[in-house]
Amino acid sequence: MACPTRKTRHSPPGLEHLKVLRELSVKQGVELVEILVGYETANRYAIKNTTGQNLYFAYEKSNCLSRNVLGHLRPFTIKVLDTTKVEVMRIKRRLACESCWCPCYLQKVEVFAPPKKLIGSVHQTCSVLCSSFVVKNKKNVNVFRIKGPCCTYRICKNVNYKVVSEVGQKEIGSISKRWSGVLKESLTDADNFKVSFPLDLNVKMKATLLGAVFLIDYMYYENTKTLLDPCTVM
827 MACPTRKTRH SPPGLEHLKV LRELSVKQGV ELVEILVGYE TANRYAIKNT
877 TGQNLYFAYE KSNCLSRNVL GHLRPFTIKV LDTTKVEVMR IKRRLACESC
927 WCPCYLQKVE VFAPPKKLIG SVHQTCSVLC SSFVVKNKKN VNVFRIKGPC
977 CTYRICKNVN YKVVSEVGQK EIGSISKRWS GVLKESLTDA DNFKVSFPLD
1027 LNVKMKATLL GAVFLIDYMY YENTKTLLDP CTVM
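What the sequence shown shows, in this note's numbering, is residues 827 to 1060, in sequence order.
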């Protein structure tokens, strides 16, 4: 898809596509090595518009040891490239706990666009029953809340996470983990997501909500087998 030629005010370079979109699809690539031998490889994703055109490609950067020892809790950097292979966005996740037993150091991703300029972050919040996150802007101000279900896995159904405004708690969008079929769901941890937001939302916050997709994917839908839980060593 050709990049819009019109200059978009306040949009980070390469993210001009997001200005005219209210929805994105994120499709994870299937890794044959994981299916055949159970070896955890770095994730790859295609980010598409509503017509299925590729807008961006995302690649996980992490080491072999962390992928296969820490599993879904591993720290990572995800590089987001446009169709000309130029990096336009970067998403970083630290090594952290995911249990409210350690509430001072829960999950977080930071979103950068350009790759070294912070534009927002997504933080797990302590919730006993249901998944919950807060979305912040670059000034660390709460902008949105993400309210997930108490059960993050459903057979033959999509799993929806509501995005609500911090002020007024009005639903403005959603993140949806799409059901991919029995075969794919049972044999792989490759998942499909959809994220929606208002058309006139700031591009930086659209990109930050895209970053939330990756945090949710790793926390709840990656292979949950870990040889070492960081909560036990922190």
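Cβ coordinates follow ideal geometry from the N, Cα and C atoms, glycine included.
- By the beta-carbon neighbour count (other beta carbons within 10 angstroms, threshold 16), Leu1041 is buried.
- Secondary structure at Tyr871: strand, using DSSP grouped into helix, strand and coil.
- A straight-line Cα-Cα distance of about 24 Å links Lys943 and Asn880.
- Note that the stretch 893 to 902 does not touch the stretch 1017 to 1024; fewer than 3 beta-carbon pairs, one per stretch, sit closer than 8 Å.
- A direct Cα-to-Cα measurement between Lys887 and Ala872 gives close to 15 Å.
- According to DSSP, residue pairing for Ile904 in a beta bridge involves Glu886 and Ile917.
- In this structure, DSSP gives Asn986 an extended state, which the three-state scheme calls strand.
- One thing to note: Glu849 has its Cβ no nearer than 8 Å to the Cβ of Thr867.
- In this structure, the CA atom of His843 is about 31 Å from the CA atom of Tyr979.
- At a Cβ-Cβ threshold of 8 Å, Ile972 and Ser958 count as neighbours.
- A Cβ-Cβ separation of about 19 Å leaves Gly974 out of contact with Met1031 under the 8 Å criterion.
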